[in-house]
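K.L.:
4 protein chains.
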Amino acid sequence: MKRKVGIFLIGAYGNVATCVVAGTAAIVRGLTDRTGLVTETPVCEGLPLADLPQFVFGGWDVRDGSIAASASDFGERNGLLTPELTKKISRELKRADAEVRPGLLVNATPAVVAMAGAASRKKEKLAAGFKRLQADLRSFRDRHRLDDVIVVNLASTESMPPSDVPALRSLSHFRKAVAKDESEGLPASVVYAVAALDLSFPFIDFTPSVAAGSAPAREAAALRGVPCMGRDGKTGETLLKTVLAPMFVARHLPVMSWVGFNVLGNRDGEVLRQSGALASKVRDKDEALRRILKSDTTHSQVRIDYVPSLEDWKQAYDLVHFKGFLGARMQLHFIWQGCDSALAAPLVIDLVRMTDLARRRGERGTLPWLAPFFKTPIDCDVQDFAAQMMLFAQWCDEARGFGGDGV
Amino acid sequence: MKRKVGIFLIGAYGNVATCVVAGTAAIVRGLTDRTGLVTETPVCEGLPLADLPQFVFGGWDVRDGSIAASASDFGERNGLLTPELTKKISRELKRADAEVRPGLLVNATPAVVAMAGAASRKKEKLAAGFKRLQADLRSFRDRHRLDDVIVVNLASTESMPPSDVPALRSLSHFRKAVAKDESEGLPASVVYAVAALDLSFPFIDFTPSVAAGSAPAREAAALRGVPCMGRDGKTGETLLKTVLAPMFVARHLPVMSWVGFNVLGNRDGEVLRQSGALASKVRDKDEALRRILKSDTTHSQVRIDYVPSLEDWKQAYDLVHFKGFLGARMQLHFIWQGCDSALAAPLVIDLVRMTDLARRRGERGTLPWLAPFFKTPIDCDVQDFAAQMMLFAQWCDEARGFGGDGV
Amino acid sequence: MKRKVGIFLIGAYGNVATCVVAGTAAIVRGLTDRTGLVTETPVCEGLPLADLPQFVFGGWDVRDGSIAASASDFGERNGLLTPELTKKISRELKRADAEVRPGLLVNATPAVVAMAGAASRKKEKLAAGFKRLQADLRSFRDRHRLDDVIVVNLASTESMPPSDVPALRSLSHFRKAVAKDESEGLPASVVYAVAALDLSFPFIDFTPSVAAGSAPAREAAALRGVPCMGRDGKTGETLLKTVLAPMFVARHLPVMSWVGFNVLGNRDGEVLRQSGALASKVRDKDEALRRILKSDTTHSQVRIDYVPSLEDWKQAYDLVHFKGFLGARMQLHFIWQGCDSALAAPLVIDLVRMTDLARRRGERGTLPWLAPFFKTPIDCDVQDFAAQMMLFAQWCDEARGFGGDGV
Amino acid sequence: MKRKVGIFLIGAYGNVATCVVAGTAAIVRGLTDRTGLVTETPVCEGLPLADLPQFVFGGWDVRDGSIAASASDFGERNGLLTPELTKKISRELKRADAEVRPGLLVNATPAVVAMAGAASRKKEKLAAGFKRLQADLRSFRDRHRLDDVIVVNLASTESMPPSDVPALRSLSHFRKAVAKDESEGLPASVVYAVAALDLSFPFIDFTPSVAAGSAPAREAAALRGVPCMGRDGKTGETLLKTVLAPMFVARHLPVMSWVGFNVLGNRDGEVLRQSGALASKVRDKDEALRRILKSDTTHSQVRIDYVPSLEDWKQAYDLVHFKGFLGARMQLHFIWQGCDSALAAPLVIDLVRMTDLARRRGERGTLPWLAPFFKTPIDCDVQDFAAQMMLFAQWCDEARGFGGDGV
């Protein structure tokens with residue numbers, strides 16, 4: 313019998329999660345094709361990956377709502393999830409909705425708190441919350457007789473935690489803090505991550521949160537021998553940066569300035585207006601550029617602005633000012649117009665399929681070969697997208713032979 | 313004693329050649345740095361390359377004029393070769409000017425004929441022209457006691473030759489055509505190439521001409537055991553295409569349309585207005601894209617228009633219309649503003665240095681590892697720029713150990 | 313009782329016509345608002361205009377098909393005419409479809425011939441065709457008891473007629489040519505125009521055809537005392553040109569080059585690939601610029617390319633290269649992403665409403681104050697959009713007082 | 313004998329002032345043409361304007377330096393003021409330099425303080441400073457026997473003053489504050505303005521400072537019967553906004569979002585990094601848009617970022633997201649690449665010539681017909697550039713007949 317793999321999404325009512333669930337259903341029903349899935353390109357050919365019908369969805373969200381409602385709302389404003397499509401997959405959406413549980417409201421940004429529903433707002437001690445999350449995961453696994461559950465963080469960007477939060481020092485510090493209800497500075501994402509890893513469930517962070525790279529998560533992953541990877545899905549402007557910047561390096565054309573202006577209109581944009589959250593996002597975006605250019609003199613800057621009318625569209629304008637032979641000063645401009653969720657959702661499905669395979673192969677801890685999927689791949693210094701794809705392809709080559717337990 | 317290497321430039325009074333000569337002089341005199349030279353990046357570190365002071369310049373041009381005059385004219389309109397700079401290197405410019413000989417006016421486009429000077433217009437049989445070119449090269453080598461001469465084609469884009477020109481069938485066909493003065497359909501570039509290769513001088517084609525890949529040139533290179541490579545320097549829009557297109561492939565985002573609009577203002581632009589010449593340029597530009605995308609459904613198009621006010625600036629606007637998950641339709645636009653000669657000149661210097669090293673290493677025929685430098689690298693199927701850079705880096709790794717005859 | 317005005321659309325199954333009919337119905341039913349209608353802005357406030365429920369639609373098309381089918385096809389690919397919307401206005405679409413008659417296939421471009429249906433392909437002498445068109449219009453008026461019928465040309469761009477077509481010399485020449493079946497060089501648009509005007513029905517040309525400005529049409533309009541205006545709706549790139557170019561003139565910033573690259577994906581684009589049709593389109597686009605800049609030295613150029621994936625979207629990239637104080641060379645770039653039919657359709661409704669009012673006010677011949685709606689407004693030298701809007705506003709001021717026969 | 317008019321520039325060593333002085337000299341010597349001067353276009357034809365040779369330059373600056381040094385520095389980095397040009401006008405530059413006096417360092421931003429020279433840093437009471445400025449102006453007029461002196465503010469953007477600064481309430485409050493040395497919150501620009509106006513010298517504010525519109529300046533202008541106008545020269549992005557926004561209004565295409573990203577590299581950019589100064593700049597830029605669109609629902613935003621490598625170039629990327637018929641959502645993007653000083657300098661010369669004429673015609677107080685030159689024209693509600701040009705043209709028509717005292 314085929315494996316059954318649970319996918320538990322943090323931020324289950326968000327646009328990306330909605331597109332993951334709806335898109336998977338639409339593919340399984342043959343209503344759309346597999347465009348956008350890296351796992352369906354030649355580089356992944358022959359890998360013993362779990363296929364889309366083997367996935368069962370659930371998740372957490374701090375808001376009241378439903379994936380079905382998000383899909384319908386999204387469809388009205390976006391054109392991707394048309395009413396016709398949504399209707400045809402309504403059973404799958406409902407099934408996933410039945411598996412969504414209240415999220416954890418710890419140190420949330422004011423924008424997130426404002427959106428939160430009654431269930432998530434209920435006063436709760438950290439220890440109780442931690443237990444509740446684990447109970448949700450266990451129940452999900454048991455009721456669906458899942459071979460594994462993979463937890464993916466798709467929640468809104470968190471604020472950067474302060475520089476020295478005791479609970480983040482080690483797994484034991486974390487456990488103490490939870491026990492004593494010392495939540496100060498502790499990001500909710502870390503609680504989710506440890507809750508999952510501690511149960512031997514892999515954890516993937518598609519947001520810029522610190523969770524996957526934090527000491528407690530790393531230790532829990534090592535202890536339980538499961539994968540834990542992040543962070544921040546590379547879907548648009550940063551992807552282009554990591555594709556284009558190596559060209560300037562290769563051609564010995566020093567970049568004097570690289571300034572990027574991002575505009576986006578969805579809930580993510582609203583949350584990002586909170587400067588704390590913005591800082592963590594911007595840091596990740598710029599990091600990649602700095603590492604590739606290896607230059608101290610490049611003036612780089614990233615702006616992210618909320619432009620409500622764009623809704624789920626994420627656009628960017630980047631100006632690259634560079635120097636050439638004989639001091640020539642030249643420019644490259646690009647304008648990117650991406651549908652954020654449509655870019656992110658297939659990568660989430662890819663990450664789950666690849667993580668599931670890595671888990672079966674016995675990999676534990678971070679998975680640096682997943683670098684091309686992340687803005688800031690943990691434990692990987694390679695930022696150049698083409699070089700990251702080579703790491704990824706090498707892993708695929710090794711894994712291709714792998715038989716292991718049947719998919 | 314150090315090697316002395318001659319660089320003989322076809323189109324010596326053109327902007328690119330002028331920047332090659334002036335830029336080399338400026339670097340040698342410490343008036344500018346080595347920005348733009350790939351041979352000065354880490355990938356080439358430790359290679360036993362000839363250094364810039366070892367180069368001696370000469371060349372051919374069908375026009376009357378001088379490199380010094382081009383430099384001064386260029387400086388007025390462009391700002392790169394300022395009067396101050398030109399003054400300081402006037403001795404070097406004059407020295408190179410003393411080595412420029414009349415070019416060959418065979419099957420030239422009307423625009424080139426219109427520019428040609430009296431010396432080049434003089435009636436001359438093919439055989440006489442061929443001998444004259446070889447005499448020019450021999451004299452250049454002998455008078456300067458050069459260890460080698462590398463001929464680089466920087467002339468204006470030629471028209472595509474008709475599909476079956478007897479002289480292009482083989483080296484012996486070529487020789488017969490020259491002997492019988494059957495010039496019909498024979499591109500001047502092929503005559504230059506065979507003239508050089510036949511004397512065991514390497515030949516590099518930085519233009520889209522058929523020369524380097526033609527049967528006569530290939531046979532001559534094989535016979536004499538020298539390198540012969542092309543074609544069409546990859547400096548701007550095509551470079552970006554070969555950097556960006558692999559991203560769409562890697563991410564499984566099918567490109568529905570990729571349309572590029574190039575505008576440029578220099579003599580090259582004037583010549584390109586001739587549709588025959590334009591066709592060969594456009595073919596090369598599109599080829600790379602088609603090969604990378606491996607797609608029959610992509611609508612691709614390249615336009616090259618002459619906009620005189622842009623002078624030496626080459627700008628491009630590209631629109632990429634692509635599809636994503638759930639049928640999302642997205643766009644990437646880029647605008648490139650490059651100073652054409654400043655982008656091309658350092659690559660010419662790089663190519664000469666690398667070819668000189670390859671020659672000393674005993675390489676003969678085409679040099680496919682030079683792929684990242686060309687729009688249509690001969691004998692190389694790899695179009696993805698990052699993959700081309702890997703081929704190049706591999707060669708460098710192998711060559712690094714090479715001692716051979718001292719530089 | 314309120315006036316009833318017939319709108320007879322040439323090219324009734326096209327995207328623009330479909331949006332005119334569907335959009336009017338949607339507004340009348342309160343399913344969408346009046347965004348995009350100039351006649352609903354303050355400049356037109358208080359004018360005794362016929363309102364949308366007073367319009368009755370009919371038309372001609374050389375293709376087989378229906379407005380309903382076009383709406384549904386358009387909706388699938390565009391998102392404007394959603395299935396929900398189309399369903400709610402299906403009765404209006406059917407009603408209009410019942411009034412569409414076979415078009416006239418005279419000197420059509422091969423692309424149009426290829427699309428034509430059996431009814432339009434039937435052999436027919438010119439005189440018979442002319443009579444048929446007039447019979448269609450009379451029957452439409454009589455059956456619906458219309459106070460007036462306004463004919464609007466929305467057909468695909470025609471090829472420019474040769475320079476001296478006898479039938480275009482005068483109305484009597486035209487009549488003779490029709491009688492003798494001498495169709496050579498006679499554009500179908502002129503036959504439509506004279507057929508309408510001869511019956512005292514106003515004629516508006518929203519395409520670049522020569523119809524509205526031709527001698528036969530002018531004479532017929534004068535003879536019957538009815539309005540006749542054109543040509544070529546100003547919806548996108550040209551609109552921007554006529555808005556931006558005056559700024560450069562006002563600021564004494566000479567434009568050295570203005571190059572525009574248009575890409576579009578609909579049927580219009582397919583037809584425009586035929587170079588004859590393209591020439592007439594491009595001529596109109598450039599004319600406006602030349603007149604505003606009053607410059608002989610500006611290098612201007614317009615490209616229109618067919619990019620199927622864009623469907624009904626019309627995009628343009630324009631580069632303006634201009635000179636300033638102390639010889640500074642500067643650039644303005646713009647990228648326009650317009651939904652062609654959504655931009656054109658409300659202007660068609662505006663033109664009909666304004667022409668109807670002009671007719672009631674007794675205006676005859678060309679209506680130069682409608683200049684802001686056209687790329688090449690007949691009998692109007694003013695190209696500057698702001699200045700055109702002033703002419704239009706002045707007319708509105710005069711007309712505001714007008715009572716005339718009740719609307 | 314011809315009038316002699318002094319132009320006294322606040323911020324005399326800045327790029328704009330340098331280009332004003334150098335450009336005037338270059339034109340007078342016939343080294344460059346009058347491109348960029350509005351006063352040399354047909355709209356101003358026949359006006360009895362003072363010509364460029366009639367101007368004598370002087371000014372204030374808080375920095376040590378010289379116009380000659382700025383010109384040479386500017387030339388190296390920009391290409392406009394080439395060494396050849398600067399050399400040929402060195403006498404004029406020196407002559408102007410001899411008339412530059414230490415500026416006033418009152419409530420300057422830290423960036424300006426950091427640049428200030430010893431002379432300007434010297435402790436000085438407000439009253440002494442005020443007297444010093446007036447003495448500078450009188451001495452300048454007397455020594456050069458000038459018919460008039462026009463003071464133009466070209467200094468770096470000041471911080472917005474707090475909301476209730478007593479000294480800004482009225483001219484008498486201002487005088488009291490000066491007498492009592494109560495400088496708190498008093499912008500230096502106001503001191504300059506009143507110093508000039510109080511001596512019956514017209515004052516023009518080309519910066520976003522509050523000076524020209526402040527109560528003390530207005531009262532002084534009224535009292536002395538001289539012109540006083542501002543504010544903030546309209547040279548780039550805002551110019552485009554006031555040209556493009558009316559098009560959207562005219563076509564009934566509601567703008568949902570208009571976001572603008574400005575990048576610039578000169579000293580102005582450095583000063584603008586100080587958020588206080590930035591706020592006043594951004595406010596002026598947005599004001600125009602809001603007034604034209606008359607919309608509460610438009611999301612508008614302006615960013616100004618300092619990108620040092622751009623030096624004197626000011627670039628902007630603007631995204632306009634608008635709605636059309638049937639709810640279509642469309643976009644316009646523009647990229648502006650302007651040489652800031654080359655755009656500003658001719659407008660400064662225009663303003664001086666026009667103000668001089670207005671003064672001779674007896675105009676006093678604000679000059680709202682100069683609206684097209686300013687981002688926020690004082691006492692003028694018209695923001696639409698074309699409409700502003702009409703006001704300007706009307707004034708010119710009236711003034712054309714004016715003989716007055718000979719030029």
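Line by line, the protein sequences are chains C, B, D and G.
In the numbering used here, each residue's number is its place in the first sequence (first place is 1) plus 312.
In the numbering used here, each residue's number is its place in the second sequence (first place is 1) plus 312.
In the numbering used here, each residue's number is its place in the third sequence (first place is 1) plus 312.
In the numbering used here, each residue's number is its place in the fourth sequence (first place is 1) plus 312.
Positions of the beta carbon are idealized from the N, C-alpha and C atoms, including for glycine.
If you check the beta carbons only, do Ile690/C and Met472/C fall under 8 Å apart?
P.N.:
no
K.L.:
Note down, in chain order, every chain D residue with its Cβ under 8 Å from the Cβ of Arg724/B.
P.N.:
Missing from the structure shown is residue 724/B; chain B here goes from 313 to 719 and no further.
K.L.:
Check each candidate in Leu565/G, Pro354/G, Val328/G and name the one with the smallest Cα separation from Asp709/G.
P.N.:
Pro354/G
K.L.:
Since Leu576/C and Trp625/C should fall inside the 8 Å C-beta cutoff, what is the C-beta to C-beta distance between them, to a whole number of angstroms?
P.N.:
That pair is a contact at about 7 Å.
K.L.:
Taking 8 Å as the cut-off, decide whether the C-beta atoms of Asp705/B and Leu669/B are in contact.
P.N.:
A quick correction: the sequence has Ala, not Asp, at residue 705/B. No, Cβ-Cβ distance for Ala705/B and Leu669/B is not below 8 Å.
K.L.:
Of all the options Phe686/C, Ile661/C, Lys687/C, Thr688/C, which has the alpha carbon lying nearest to the alpha carbon of Glu352/C?
P.N.:
Of the candidates Phe686/C, Ile661/C, Lys687/C, Thr688/C, the one whose C-alpha sits nearest the C-alpha of Glu352/C is Ile661/C.
K.L.:
Can you tell me which of the three DSSP states Val368/G falls into?
P.N.:
strand
K.L.:
Distance check for Thr344/G and Leu393/B, CA to CA, integer angstroms please.
P.N.:
21 Å
K.L.:
Just to make sure I have the definition right: I need the residues of chain G whose C-beta is within less than 8 Å of the C-beta of Gly391/B. Which are they?
P.N.:
Gly391
K.L.:
Determine, using beta carbons only, whether Ser621/D and Pro566/D come nearer to each other than 8 Å.
P.N.:
no
K.L.:
Is the segment 636-650 of chain D close to the segment 488-507 of chain D, with three or more CB pairs under 8 Å?
P.N.:
no
K.L.:
Could you say which of Asn327/C, Glu388/C, Ala699/C, Arg341/C lies nearest to Ala562/C if we only look at CA atoms?
P.N.:
Measuring from the Cα of Ala562/C, the nearest candidate turns out to be Ala699/C.
K.L.:
Since Ala527/C and Phe515/C should fall inside the 8 Å C-beta cutoff, what is the C-beta to C-beta distance between them, to a whole number of angstroms?
P.N.:
Wrong, their Cβ atoms sit about 14 Å apart, outside the cutoff.
K.L.:
Between Ala440/C, Trp707/C, Arg673/C, which has its C-alpha nearest Leu682/C's C-alpha?
P.N.:
Selection Ala440/C, Trp707/C, Arg673/C evaluated against Leu682/C yields Trp707/C as nearest (Cα-Cα).
K.L.:
Any contact between the segment 435-450 of chain B and the segment 382-399 of chain B? By contact I mean 3 or more CB pairs, one from each, below 8 Å.
P.N.:
Contact between the segment 435-450 of chain B and the segment 382-399 of chain B is not established, with fewer than three Cβ pairs separated by less than 8 Å.
K.L.:
What are the start and end residues of each continuous alpha helix (DSSP H) run of 4 or more residues lying completely inside the segment 468-536 of chain G, in chain order?
P.N.:
Runs of the alpha helix (DSSP H) spanning 4 or more residues and lying entirely within the segment 468-536 of chain G occur at 483-491, 500-510, 527-536, in chain order.
K.L.:
Give the residues from the segment 637-654 of chain G that approach chain D closer than 9 Å (Cβ to any Cβ), ordered along the chain.
P.N.:
Phe637, Leu638, Gly639, Ala640, Arg641, Met642, Gln643, Leu644, His645, Phe646, Ile647, Trp648, Gln649, Gly650, Cys651, Ser653, Ala654
K.L.:
What are the partner residues of Phe649/D, as DSSP defines its beta bridges?
P.N.:
The amino acid occupying residue 649/D in the given sequence is Gln; Phe does not appear at that position. Gln649/D is bridged to Gln627/D, Gln643/G.
K.L.:
Can you say whether Pro474/C is buried or exposed, counting buried as having 16 or more other CB atoms within 10 angstroms of its CB?
P.N.:
exposed
K.L.:
Using the Cβ count rule (16 or more neighbours within 10 Å means buried), how would you classify Val328/D?
P.N.:
Burial check for Val328/D: the Cβ neighbour count within 10 Å reaches 16 or more, so the residue is buried.
K.L.:
So Gln446/D is in the beta strand (DSSP E); what residue range does that whole segment cover?
P.N.:
Where Gln446/D is concerned, there is no enclosing beta strand (DSSP E), although the alpha helix (DSSP H) it sits in stretches over 438-456.
K.L.:
For chain B, is any of its Cβ atoms less than 8 Å away from the one on Thr336/C?
P.N.:
no
K.L.:
Let me make sure I understand the geometry here. Which of Ala408/C, Arg341/C, Leu349/C has the alpha-carbon closest to that of Glu635/B?
P.N.:
Note on residue identity: the sequence assigns Lys, not Glu, to residue 635/B. The option with the nearest alpha carbon to Lys635/B is Leu349/C.
K.L.:
Among residues of its own chain, excluding the 5 on either side of Asp598/D, which ones have a beta-carbon nearer than 7 Å to its beta-carbon?
P.N.:
Ser612, Val614
K.L.:
Indicate whether Ile401/D and Val664/D have their beta-carbon atoms separated by less than 8 Å.
P.N.:
no
K.L.:
Return helix, strand or coil for Pro414/G, following the three-state DSSP convention.
P.N.:
strand
K.L.:
Buried or exposed for Asp544/G, going by 16 or more other Cβ atoms inside 10 Å?
P.N.:
Buried, by the Cβ-count rule.
K.L.:
Within the segment 319-367 of chain B, note down every full alpha helix (DSSP H) run reaching 4 residues or more, in order along the chain.
P.N.:
327-340
K.L.:
How big is the Cα-Cα spacing for Leu679/G and Asp476/C?
P.N.:
60 Å
K.L.:
For Pro365/C, count neighbouring Cβ atoms within 10 angstroms of its own Cβ and tell me buried if that reaches 16, exposed if not.
P.N.:
exposed
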